[in-house]
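Residue numbers (my numbering): 35 to 164. Here the structure is laid out as structure tokens; the discussion comes afterwards.
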């Protein structure tokens with residue numbers, strides 16, 4: 035079977051987060067970054083998710099919603115699923131690099147240089163300067 039026959043590859047299954055507690059509902063109100071963090075954390079097997087949500091709420095109160103959302107996006111990008119990871123990202127501040135995928139090849143016009151033959155590099159020519 036080829037995917038082209040069916041109009042392309044099958045999309046990966048996606049299940050929306052279903053908040054059960056008030057802390058989860060409040061956290062998901064932050065938007066898509068929070069949902070990606072919550073589902074990624076749960077999928078990674080984080081057994082302390084309830085405690086992490088309490089700590090993330092405290093981080094939101096301390097740093098603000100915008101900073102926390104940016105830190106959650108970075109945590110999702112690097113697959114860091116604990117509240118300690120988000121705290122470290124917030125502590126690092128805005129000076130952290132933002133890696134991006136490689137782009138097109140860099141093509142430069144280089145200046146011409148004089149060329150020598152390989153005979154100029156033989157052992158009997160060592161010490162001679164041309």
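Note that beta-carbon positions come from the ideal geometry of N, C-alpha and C, so glycine has one too.
For residue 110, the three-state secondary structure derived from DSSP is helix. Judged by beta-carbon spacing, residue 102 lies within the 9 angstroms limit of residue 124, meaning their Cβ atoms are closer than that value.
DSSP places residue 136 in the coil class of the three-state scheme, outside both helix and strand. DSSP places residue 123 within a helical segment (H, G or I) once states are collapsed to three. Following the DSSP letters along the chain, one finds residue 91 inside the alpha helix (DSSP H) bounded by residues 83-97. Only exposed fits residue 122, as fewer than 16 other CB atoms lie within 10 angstroms of its CB. Out of 144, 81, 128 and 113, the CA that lies nearest to the CA of residue 104 is found in 128. With distances taken between CA atoms, residue 98 lies nearest to 61 out of 38, 70, 61 and 115. Non-local beta-carbon contacts of residue 67 in its own chain, meaning distances under 7 angstroms to residues more than five positions away in sequence, involve 103, 106, 107 and 110 in chain order. Looking at the backbone, the Cα of residue 160 and that of residue 144 are separated by about 29 angstroms. The beta carbon of residue 78 sits closer than 6 angstroms to those of 115, all from its chain and outside the five residues before and after it, given in chain order.
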